[in-house]
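First up is the structure itself, then whatever we jot down about it.
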Amino acid sequence: MNTQTTALATALVLFSGGQDSCTCLAYALEQYDHVETIGFIYGQTHHVEIQTRTVFLQNYRQQFPEQAARLGDDHVLDISGFADISHSALTGAVATARRQDGLPDTYVPGRNLIFLIAAAALADRRGADVLVGGMCETDYSGYPDCRRNAMDAMETSIQLGMGLDIVIDTPLMQLTKAETWGMAMELGGHKLVDLIVSDSHTCYAGDRTQLAAWGYGCGVCEACTLRAKGFAVWQASL
Ligand code: ZN
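The opening residue of the sequence shown carries number 891 in this note's numbering; numbering runs sequentially from there.
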């Protein structure tokens, strides 16, 4: 776990409302003094994640009132023009399949890099020193912009290109999905795990009608499969 901290640090969490970013939010509230959140409308087919992230934040404030005072503004940036240059299963009508380079079709090229540049610009305006993101290079399918070396390069780019000394903290980078569930348990106990189960959203199909032990989702897409498998492995380890 990356635990870089500075005194009275303000963190901006890249918060999509999925399992990973919900866990990152709880982590950031433990690590940093003041926490704000940023989400993006980037032309994704399913707006359900934009809606569920707001519900998660509201319920988090209610369930963890001792942290609510340090949980500041939520920012939503509309960069939906990004869909015009990025065709994938998430941003266009393309069947879910493998790309020629072997990456899943759900991969949106450069998405995290665009998010980080936009978040760094907002961090500058908001006085934040740290960006917290749920990028992970273990369970995911080789997305190049989820790797730590890409984050290191982005820190350098932000420093050289924007003049900002911003740390990109990626607490889930080396964790499996099962370990991410365990981390949520350590951070907030069953209360946090239950909140992530009921109010976070990961399913690529945007399904909020079927509730399993690990949360809502279609149960068959890649995101649901990873989430369900991680939950089962974590449960078995208890
Ligand atoms: Zn699904």
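All residues carry an ideal CB built from backbone N, CA and C; glycine is no exception.
Enumerated in chain order, which unbroken segments of the beta strand (DSSP E) with a length of 3 residues or greater are wholly contained in the segment 893-921?
900-904
Report buried or exposed for H937, applying the criterion of at least 16 other Cβ atoms within 10 angstroms of its Cβ.
exposed
Going along the chain, which residues of its own chain have a beta-carbon closer than 6 Å to the beta-carbon of T1092, five neighbours each way excluded?
G908, Q909, A1113 and R1117
According to DSSP, is A959 helix, strand or coil?
coil
Determine the extent of the alpha helix (DSSP H) in which T1115 is found, giving its start and end residues.
E1112 to S1127
Using a Cβ-based criterion (distance less than 7 Å to any ligand heavy atom), does D910 qualify as near the ligand ZN?
no
Closer than 7 Å to a non-hydrogen atom of the ligand ZN - does that hold for the CB of G907?
no
When burial is assigned at 16 or more other CB atoms within 10 Å of the CB, is T900 buried or exposed?
buried
Return helix, strand or coil for H882, following the three-state DSSP convention.
Any question about residue 882 goes unanswered here, given that the chain covers just 891 to 1128.
Under 8 Å between C-beta atoms of T1066 and T1028:
yes
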